[in-house]
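Enquirer: Starting off with a structure, shown below.
Chains as they are written, first to last, in my numbering: chain A, 611 to 705; chain B, 5 to 244.
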């Protein structure tokens, strides 16, 4: 019944389909594995891109914060001792 | 606390919110509303991912081209960051489009790969963006390198119309005319809704990711600048 109605709707749709036609297939779920693989691949890769971007953004912000704080404090602090990093930078954990 | 959190520009959460709304709607329409195609069955559902991903690739290519052109004109850091982010997203969405197409090709044509013009020209486009990003990652970050990459970013756009017209000019297995013909090939209204929702979701997602990655590159540039200043002041010592 539904298939007949669907086929009727497709026939009534102007202009007629040229490539993709909606309708009842003999086995609509055949090749569903390829569809599942395509969508899983997309969302898994998207998740990885988002996760890496977020992690890198946080790392940049943390390091930039430490560095800018050290730079802002630099005029008030003593110059670095020969052969060593500025004490404030060491305190900030810059690596 | 020594961390330095900056609030993202309003566009990023707005685009993320829009994409978060559009993506489930696309999946719902794709899998629960759009009917199965008569001859390919479930494999045709890849269409609602494959073509929108290709359109998102075009969005990334546009960002890369415009950003590169603006950088060549005025050496704007922001334009450079947008160009780089655009290339990344063109590569990501293009690769997803090709991978989805390959899986669909296996189901519909019986082969993962076919030496046909649209597939080949798309892979060539991905190779151009891979070259651009390799240049950005490994050739240094000086003005000369940036200008060279920007020129490549502009030149890469020349291949986009070749991808678009390859089906018409050279034929091949790949179908054409579905979009140019106003979606006539999609025989059911729910197929059209699923498709256009997919396009909106994917292009919105691409725009959000471009903005996010551009912000990240700008932050990395600021960090490099701060490290340079710290080195000049002797703050980093031998650690740099």
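The C-beta atom is built at its ideal place from N, Cα and C for all residues, glycine as well.
1. Can you confirm whether residue 640 of chain A, when its beta carbon is compared against all beta carbons of chain B, has any partner nearer than 7 Å?
2. At the 7 Å Cβ level, is residue 40 of chain B part of the contact set with chain A, yes or no?
3. Taking only three categories from DSSP, how would you classify residue 109 of chain B?
4. For residue 39 of chain B, which residues of its own chain have a beta-carbon under 6 Å away from its beta-carbon, when the five flanking residues on both sides are left out?
5. Taking the CB atoms as reference points, tell me whether residue 82 of chain B and residue 221 of chain B lie closer together than 7 Å.
6. Answer yes or no: does any C-beta atom of chain B fall closer than 7 Å to that of residue 682 of chain A?
7. Report yes or no: is there a C-beta of chain A within less than 7 Å of the C-beta of residue 21 of chain B?
8. Over the uninterrupted alpha helix (DSSP H) stretch that includes residue 196 of chain B, give me the two end residues.
9. Give, in chain order, every residue of the segment 103-123 of chain B whose Cβ lies closer than 7 Å to some Cβ of chain A.
10. Distance check for residue 671 of chain A and residue 5 of chain B, CA to CA, integer angstroms please.
11. Is it the case that the segment 52-61 of chain B contacts the segment 88-104 of chain B, given that we only count it when at least three CB pairs across the two stretches are under 8 Å?
12. Would residue 100 of chain B pass as an interface residue toward chain A - the criterion being a Cβ-Cβ separation below 7 Å?
13. Let me know the secondary structure DSSP gives residue 14 of chain B once reduced to three states.
14. Just the Cα atoms here: how many angstroms apart are residue 170 of chain B and residue 177 of chain B?
15. Does DSSP put residue 53 of chain B in a helix, in a strand, or in coil?
16. Distance check for residue 207 of chain B and residue 15 of chain B, CA to CA, integer angstroms please.
17. Tell me the rounded alpha-carbon separation between residue 73 of chain B and residue 154 of chain B.
18. Please work out which residues of its chain come closer than 6 Å, Cβ to Cβ, to residue 211 of chain B, disregarding the five sequence neighbours upstream and downstream, and give them in chain order.
Expert: In short, the structure shows the following:
1. At a cut-off of 7 Å, the C-beta of residue 640 of chain A has a neighbouring C-beta in chain B.
2. With 7 Å as the cut-off, residue 40 of chain B counts as an interface residue toward chain A.
3. The three-state secondary structure of residue 109 of chain B, taken from DSSP, is helix.
4. Answer for residue 39 of chain B: 192, listed in chain order.
5. no
6. no
7. no
8. 193-236
9. 103, 104, 107, 108, 110 and 111
10. Confidence is the limiting factor: at residue 5 of chain B the pLDDT is only 40, short of 50, which leaves the residue's position unreliable, though a coordinate-based value still follows. Taking the straight line joining both Cα atoms gives about 12 Å.
11. yes
12. yes
13. coil
14. 11 Å
15. helix
16. So the two alpha carbons sit approximately 14 Å from each other.
17. 7 Å
18. Answer for residue 211 of chain B: 19, listed in chain order.
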